[in-house]
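If you read the sequence shown in numbering that gives the first Met the number 0, its first letter stands for residue 0, the second for the next number, and so on.
In this text, a Cβ means the ideal position worked out from N, Cα and C, and glycines have one as well.
These numbers were taken from a predicted model, which means no experiment stands behind them.
Here's the structure, in C-alpha cells; my notes come after.
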Amino acid sequence: MVYIKLENGISKDEEKLKFIKNRFYKFKYKFVKLKEEKIENGNLLILPNLEKYTYEKLSKYIKVKCITKVCISDELIENTEFVEFLNQEQVEFFDGKWLFKHMCIDIVKYVCNSKKGNLGYQEISLLSNDIDRVIKQIILDLAPEVRVLNLITQNENKFKKIEKELYNEQGIILNINNNYQKSLSRSDIILNFDFGEEELNKYNINSKSCIINFNDEINIKEKTFEGINVKFFDLILPRKYIRNSIYLNDFNNVIFYESLIYKKTSPENIKREIKNDKINISFLNGKNGRIRKNEYLKLSKKIAN
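So, in C-alpha cells, the structure goes:
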C-alpha cells in the first residue's frame, strides 16, 4: 500500500511564496525527488509541494509502480486539485465508506448503548434501492436482534429472496414498503445506504430518530426534526497498529484502518477481522462535528434499560 502526504509545513509556506512569486524557491524544489520511506504496511510517499512538476513526478511514479489505489492524508483529501489529479490518473483512494458500511452493526450498537436503549426493543429501518453482500449480511444480522426491521426500497423484487430466506429459516418477517407517511414515522434508527437528500426528505421521519448516512451527507429539512443525523465516525486504533500511526498522524484513523484490512472477501471475514482487532468506536460525527453523549439521551426510546 502507498500512503501519500505533504511534507510538514511546506504547503503553508509555499502559499506565501507563491503570493510573492519567489521563482528561486520553485527552481530549487523543481529538482527535489519525491521522498519515499518504507513502513510496515507499505511505502510512505512525501510530496514537497503541489506544483506542476511534483504532479508530473507523481504521475510517473504511479505509472512505473502500476498503482491503482492509495491512502492519502486528510489535507490531500480536502484538496480538490489533488483529488482531481488522482481521478485523471485513474487511481482510487480510501475514504472510509467501505469500513463504515462494514461496521454498520457496531454503529447501531454504539447508538443504542449511548442512548441507554436495548437493541431488542428498537424499530430499525434500512433504506436501500440495491442489495449487495454487505447489505444482505446486515439484514441477516439485524433481523433476529431487533423488535422490528423495515426495508424501504423502490426495488422490492431485489429483496424478495432474502425476505423468503428470513421467513422460511427463522420465521422472521421483513417489512418491505415505501409508504412516505408511515415507513419512517416510528423508526428509532434509520440506516440510509443510497437514498439521496431529496428522496429522504419526502418521508415523514420520526422527529427523535437517529439517521445514519453511509454514502452521502444528508440534510434533514424538516424543522421539527430533533434527532441525530450521522455522517461518519471515528475509532480507536488497535495497539498493534499504533507504531505505524506515529508516521501517519496526518491520516484519519478510519481511513488508515480501512487501508490495512481492505480486501475482496466475504462480509463475514471482514466482520471477523474487525472483531479480532477489538475495534472500538470512539464517536460519531454529525453536521457540526462530534456528537456528544447527551444528545443521544434526548432520543425517544421504546423501552430503556
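Since residue i and residue j should fall inside the 8 Å C-beta cutoff, what is the C-beta to C-beta distance between them, to a whole number of angstroms?
i    : j    : result
L150 : F158 : 6 Å
G95  : F282 : At roughly 14 Å, the Cβ-Cβ gap does not stay under 8 Å, so G95 and F282 are not in contact.
I138 : I106 : No, I138 and I106 are not in contact; Cβ-Cβ is about 15 Å, not under 8 Å.
L33  : K56  : 5 Å
Kindly list the residues whose CB is nearer than 6 Å to the CB of residue i, restricted to its own chain and excluding five residues on each side of it in sequence; keep chain order.
i    : result
R132 : P266
F250 : S72
F99  : F213
G288 : none
I260 : E272
F174 : Per the sequence shown, the amino acid found at residue 174 is Asn instead of Phe. Result list for N174: N149, in chain order.
When you compare the CB positions of residue i and residue j, do they come within less than 8 Å of one another, or not?
i    : j    : result
V145 : G119 : yes
Y60  : L247 : no
T67  : E91  : yes
E36  : L46  : no
K220 : N200 : yes
D129 : D193 : yes
H101 : I241 : no
Would you mind working out which of the options sits nearest residue i, comparing C-alpha positions?
i    : options                  : result
W97  : L165, E196 and D215      : D215
S208 : G288, E225 and N78       : E225
I290 : I269, I211 and R238      : I211
C103 : I269, G288 and L296      : I269
E257 : V69, K135, Y54 and G285  : V69
E74  : E6, E39 and Q169         : E6
I254 : F93, N128, I45 and G285  : F93
N228 : K135, N205 and I273      : N205
N218 : N174, G285 and Y261      : G285
K62  : Q87, I134, N48 and I76   : Q87
Q89  : N252, Q153, K163 and C65 : C65
E155 : E77, N176, I241 and D193 : N176
G195 : N252, S127 and S58       : S127
E77  : K4, R242, K292 and E168  : K4
R271 : N252, K163 and Q136      : Q136
Go through its chain and collect everything with a Cβ distance to residue i's Cβ below 8 Å, but skip five positions before and after it.
i    : result
K181 : N203
N172 : The question names Asn, but residue 172 is Ile in the sequence shown. Cβ neighbours of I172 beyond the five flanking positions: L165 and Y166.
Y305 : Summary: the structure shown does not reach residue 305, with the chain confined to residues 0 through 304, and so no result is reported for it.
Q153 : N128 and N177
Q169 : A142 and P143
I38  : Y2, N243, Y246 and L247
I19  : In this prediction, I19 scores a pLDDT of 47, lower than 50, which makes its location untrustworthy; the coordinate-derived value is nonetheless stated afterwards. Nothing listed; no residue qualifies.
K292 : S113
E198 : none
K163 : none
Excluding sequence positions up to five away, which residues of its chain have a Cβ less than 7 Å from the Cβ of residue i?
i    : result
M0   : N40, G41, C70 and S258
K114 : Y295, L296, L298 and K300
I302 : At I302 the pLDDT is 41, less than 50, meaning the model places this residue with poor confidence; the figure from the coordinates comes in the next sentence. N117 and Y120, listed in sequence order.
V110 : I188, C209 and Y295
S184 : N203 and N205
K108 : L118
I134 : S127 and F192
I9   : Bear in mind that the predicted position of I9 carries a pLDDT of just 48, short of 50, making it unreliable; the figure below should be weighed with that in mind. Cβ neighbours of I9 beyond the five flanking positions: P47 and N48.
Shorter than 7 Å, the distance from the beta carbon of residue i to the closest heavy atom of the ligand ADP, or not?
i    : result
I138 : In terms of ligand content, the structure shown is empty, and the ligand ADP therefore cannot be addressed.
message: I'd like to know if the region 120 to 140 and the region 185 to 195 are in contact, where contact means that at least 3 CB-CB pairs between them fall below 8 Å.
response: yes
message: Within 8 Å, do at least three Cβ pairs link the region 76 to 92 to the region 265 to 280?
response: no
query: If we count Cβ pairs, one from each stretch, closer than 8 Å, do we get three or more for the region 222 to 237 versus the region 272 to 279?
result: yes
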